[in-house]
Amino acid sequence: MSIVSSNFRRWWQRPRNIRERSGHRQVTFLELFYDLVYVVLIAQLTHALAHHIDLQHILNFAFLFVITWWAWVNGTAYHDLHGNNDIRTRVFTFLQMAFVAAMAVFAHDALGETSAGFAIAYAGFQLILTFLWWRTGVHDPEHRPLSGPYSLAFLITTLCFFGSAFVEPPDRFNIWIAATLLSVVLPLVLFRIRRHSPVVQAQIESSALASPSMVERFGLFTIIVLGEVIVGVVQGVAGYHELDWQVVGISALGMMIGFGTWWLYFDFVSHRIPGPGSMRVYVWSYAHLPVTAGIAMIGAAIVNVIEHAQERLPMEVRWLLVGAIGMVLAGITVMIWTLPPRANAAQSYRLGQMVIFLAAIVILALGFSTLETIPLLAAISVLMLLPVAFGLIHWLKHTDNPA
């Protein structure tokens, strides 16, 4: 016992002080493991949408994805700001993962028969985050003006979601909406009220900085969601006992859309830290919500596109596909605005931003077209590859030839 007690603070450390945030920290295997559980949750949400494509289920998916994304952002931000390489951090990370896994169990019908279970699971996750954010203020009094409002918002959200499990729908879901809005808006309002304090202002600026490790985490989360596009192609093809040229062609174009999405994000956005100012960081962060939600919806649409390869594409599937892709490209356009251009490339990046935005508009307009499936997917692929080609040409022009 003496060894355990004498080394207590080595294996059960205080939350890392926000002023000790490292600008060169590498993403740890624990963080990668944490992200893995969200693969399961997002897959459940995406597969549920793929089986029921209509306006109501699209809105349901969007709402549940907001909850999922907000959970991931807060768990990720806490670790980036206050996590340590100790047993305490691992224990609380595993607890978060357990509740996210529980959310995944109930996610397939989270706004239906399994909604009570989903609410309790999410309340458990929120309770862990409430405790963690609160403890940062306990150990760092200067951080208390910032952690206090955040903890309060999480506590209220936790109680709302837990209490909603004992309320019948639709009131249950109205509580969810109010609680989710509260958790997002209340801290921002309280921070704004307290910005007159130099101490609080310094804390806000410190927490609003996007570290290289946080940029990497957002990129990894985007890859996780991109996996749903590949899964969509595989599931769609696996449903056929015999393949023909139409199925193969549509599947190849579906993969091309996934490749184009990856290329656009990781060439124009990834590995670049937003410019100075908390507003740019907030816009950059929140722009990831429509981008990642849109990518997941592309995966749900692709399954149905391939399943209808030998017949006319249903209108709701067509609009889900073009709407999701348009949303992704529009989100990437917004992200580019928040990023400082690379040296001697400001004009090229602004032109690339315009090309991506125009591609988003044209792809959305394809929803009104009468193109058959293969011409539609081919047109979308070409439009997505235009910014890629633009970026490649720019890269070749500004890259020195090897001696």
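With my numbering applied, the sequence shown corresponds to residues 15 to 417, in that order. Glycine included, C-beta positions come from ideal geometry on N, C-alpha and C. Computed from a prediction, not measured in an experiment: that's the story for all the values here.
Checklist entry - Would PHE139 pass as a contact of ALA64 if the rule is Cβ separation under 9 angstroms? => result Within the sequence shown, residue 139 is the residue found at index 125, counting from 1. Within the sequence shown, residue 64 is the residue found at index 50, counting from 1. Taking 9 angstroms as the Cβ cut-off, PHE139 and ALA64 do not qualify as a contacting pair.
Next on the checklist: Mapping the DSSP letters down to three states, classify ILE67 as helix, strand or coil.
Outcome noted: Numbered from 1 along the sequence shown, position 53 holds the residue referred to as residue 67. Here DSSP, grouped into helix, strand and coil, assigns ILE67 to coil.
Next on the checklist: Here's a check: name, in chain order, each residue in its chain whose Cβ is nearer than 7 angstroms to the Cβ of ILE134, leaving out the five neighbours to either side.
Outcome noted: The count along the sequence shown starts at 1 and reaches residue 134 at position 120. Excluding positions up to five away in sequence, the list reads PHE176 and ALA179.
Item to check | Length of the line joining the Cα atoms of LEU343 and ALA379 | outcome: Here residue 343 is taken as the residue at index 329 of the sequence shown, counted from 1. Here residue 379 is taken as the residue at index 365 of the sequence shown, counted from 1. If I take the Cα positions, the gap works out to 14 angstroms.
Checklist entry - Contact check, LEU55 vs MET117 under 8 angstroms by CB: the rounded distance? => result On the sequence shown, residue 55 is found 41 positions in, with the first residue counted as 1. On the sequence shown, residue 117 is found 103 positions in, with the first residue counted as 1. Contact check for LEU55 and MET117: beta-carbon distance about 6 angstroms, within the 8 angstroms limit, so the pair qualifies.
Item to check | contact_flag[the region 316-331, the region 292-301] where n(CB pairs < 8 angstroms) is 3 or more | outcome: Flag = no, the region 316-331 and the region 292-301 do not touch.
Item to check | With 16 other Cβ atoms within 10 Å as the buried cut-off, status of SER383 | outcome: Numbered from its first residue, the sequence shown carries residue 383 at position 369. Under this definition SER383 is an exposed residue.
Next on the checklist: Could you tell me which whole alpha helix (DSSP H) segments of length 4 or greater appear in the region 354-390?
Outcome noted: Whole alpha helix (DSSP H) segments, 4+ residues: 360-379.
Next on the checklist: With H, G and I counted as helix, E and B as strand and the rest as coil, what does DSSP make of ARG326?
Outcome noted: Against the sequence shown, residue 326 aligns to sequence position 312. Here DSSP, grouped into helix, strand and coil, assigns ARG326 to coil.
Checklist entry - Would the beta-carbon of SER165 be found less than 8 angstroms away from any heavy atom of the ligand GTP? => result Among the ligands in the structure shown, none appear at all, so the ligand GTP cannot be discussed.
Checklist entry - Can you tell which of GLY274, LEU365, GLN367 and HIS66 has its C-alpha closest to the C-alpha of LEU334? => result Sequence index remark: in the sequence shown, residue 334 carries index 320 (1-based). Closest option to LEU334, judged by alpha-carbon separation, among GLY274, LEU365, GLN367 and HIS66: HIS66.
Item to check | For VAL181, the three-state DSSP class (helix, strand or coil) | outcome: As a first step, residue 181 is located in the sequence shown; it is residue number 167 there, counting from the start. Three-state DSSP puts VAL181 in coil, outside helix and strand.
Checklist entry - Secondary structure at ALA266, three-state DSSP: helix, strand or coil? => result Indexing the sequence shown from 1 puts residue 266 at position 252. It is helical.
Next on the checklist: Spatial neighbours of PHE100 within its chain, please: C-beta separation below 8 angstroms, excluding the five flanking residues on both sides.
Outcome noted: Counted from its first residue, the sequence shown places residue 100 at position 86. The question names Phe, but residue 100 is Asp in the sequence shown. The answer, listed in chain order, is ARG24, TRP25, TRP26 and GLN27.
Item to check | Three-way DSSP call (helix, strand, coil) for ALA417 in this model | outcome: Along the sequence shown, read from residue 1 onward, the residue named residue 417 stands at position 403. Note that ALA417 has pLDDT 43, beneath the 50 cutoff, so the model's placement of it is unreliable and the number below is only indicative. Coil.
Item to check | Buried or exposed by the 16-neighbour rule on C-beta atoms within 10 Å, applied to ARG356 | outcome: The count along the sequence shown starts at 1 and reaches residue 356 at position 342. By the 10 Å Cβ count, ARG356 comes out exposed.
Next on the checklist: Quick check on DSSP: helix, strand or coil for GLN249?
Outcome noted: As a working note, residue 249 is residue 235 in the sequence shown. Three-state result, GLN249: helix.
Next on the checklist: Quick check: what's the CA-CA separation for SER197 versus ALA373?
Outcome noted: Along the sequence shown, read from residue 1 onward, the residue named residue 197 stands at position 183. Along the sequence shown, read from residue 1 onward, the residue named residue 373 stands at position 359. Cα-Cα distance, rounded: 35 angstroms.
Next on the checklist: I'd like the list of long-range same chain contacts for VAL376, defined as Cβ closer than 6 angstroms, with 5 residues on each side in sequence excluded.
Outcome noted: One-based indexing of the sequence shown puts residue 376 at position 362. Taking C-beta separations shorter than 6 angstroms and ignoring five residues to either side along the sequence, the partners of VAL376 in its chain run LEU397, following chain order.
Checklist entry - Is it a yes or a no for the region 103-118 touching the region 222-242, going by three-plus beta-carbon pairs under 8 angstroms? => result Counting Cβ pairs under 8 angstroms, fewer than three are found: no touch.
Item to check | Inter-residue spacing [alpha-carbon to alpha-carbon] between HIS61 and ALA392 | outcome: Along the sequence shown, read from residue 1 onward, the residue named residue 61 stands at position 47. Along the sequence shown, read from residue 1 onward, the residue named residue 392 stands at position 378. If I take the Cα positions, the gap works out to 25 angstroms.
Item to check | Proximal residues to ASP123 (C-beta, below 8 angstroms), its chain only, five neighbours per side dropped | outcome: Numbered from its first residue, the sequence shown carries residue 123 at position 109. Once the five neighbours on either side are set aside, the close Cβ partners of ASP123 are ALA62 and SER129.
Next on the checklist: Relative to the C-alpha of ASP281, which candidate in VAL402, GLY131, ARG149 and PHE75 has its C-alpha closest?
Outcome noted: Reading the sequence shown from its first residue, position 267 is the one you call residue 281. With distances taken between Cα atoms, ASP281 lies closest to VAL402.
Checklist entry - Just the Cα atoms here: how many angstroms apart are PHE148 and LEU257? => result Working through the sequence shown from its first residue, we reach residue 148 at position 134. Working through the sequence shown from its first residue, we reach residue 257 at position 243. Reading off the sequence, residue 148 comes out as Trp, not Phe. For TRP148 and LEU257, the distance between alpha carbons rounds to 57 angstroms.
Next on the checklist: Taking the alpha-carbon of LEU50 as reference, which of LEU234, ASP68, PHE120 and ALA137 has the nearest alpha-carbon?
Outcome noted: Your numbering for residue 50 matches position 36 in the sequence shown. LEU234 is the residue among LEU234, ASP68, PHE120 and ALA137 whose C-alpha sits nearest the C-alpha of LEU50.
Checklist entry - If we ignore side chains and look at the alpha-carbon of each, how far apart do GLN40 and PRO389 end up? => result The count along the sequence shown starts at 1 and reaches residue 40 at position 26. The count along the sequence shown starts at 1 and reaches residue 389 at position 375. A direct Cα-Cα distance of roughly 44 angstroms separates GLN40 from PRO389.
Item to check | ALA124 (DSSP reduced to helix, strand or coil) | outcome: Locating residue 124 in the sequence shown gives position 110, counting from the first residue. When DSSP states are grouped into helix, strand and coil, ALA124 belongs to the coil group.
Next on the checklist: Could you tell me the alpha carbon to alpha carbon distance between HIS408 and MET349, rounded to whole angstroms?
Outcome noted: As a position in the sequence shown, residue 408 is number 394, starting the count at 1. As a position in the sequence shown, residue 349 is number 335, starting the count at 1. Distance between the alpha carbons of HIS408 and MET349: 19 angstroms.
Checklist entry - Straight-line CA distance for ALA417 to LEU406? => result Your numbering for residue 417 matches position 403 in the sequence shown. Your numbering for residue 406 matches position 392 in the sequence shown. Interpretation of ALA417 is limited by its pLDDT of 43, a score under 50 that renders its predicted location unreliable; the figure taken from the coordinates is listed afterwards. Cα to Cα, the separation comes out at about 21 angstroms.
Checklist entry - Out of VAL53, GLY340, LEU44 and HIS96, which has the shortest C-alpha to C-alpha gap to ASN31? => result Within the sequence shown, residue 31 is the residue found at index 17, counting from 1. By alpha-carbon distance to ASN31, the top candidate from VAL53, GLY340, LEU44 and HIS96 is HIS96.
Checklist entry - How about VAL245: is its C-beta nearer than 9 angstroms to some C-beta of chain D? => result The structure shown contains no chain D, having only a single protein chain.
Checklist entry - If you draw a straight line from the C-alpha of TYR363 to the C-alpha of PRO288, how long is it? => result Counting from one through the sequence shown, the residue named residue 363 turns up at place 349. Counting from one through the sequence shown, the residue named residue 288 turns up at place 274. Roughly 14 angstroms between the two C-alpha positions.
Item to check | Range covered by the alpha helix (DSSP H) that runs through TRP26 | outcome: Counting from one through the sequence shown, the residue named residue 26 turns up at place 12. For TRP26, no alpha helix (DSSP H) run applies, since DSSP gives it neither H nor E.
Checklist entry - When DSSP labels each residue in this structure, what does ILE287 get in the three-state scheme? => result If you number the sequence shown from 1, residue 287 lands on position 273. When secondary structure is reduced to three states using DSSP, ILE287 falls in the coil class, being assigned neither helix nor strand.
Checklist entry - Smallest Cα separation from LEU141: which of PHE43, PHE120 and TYR164? => result As a working mapping, residue 141 is identified with position 127 in the sequence shown. Answer by Cα proximity: TYR164.
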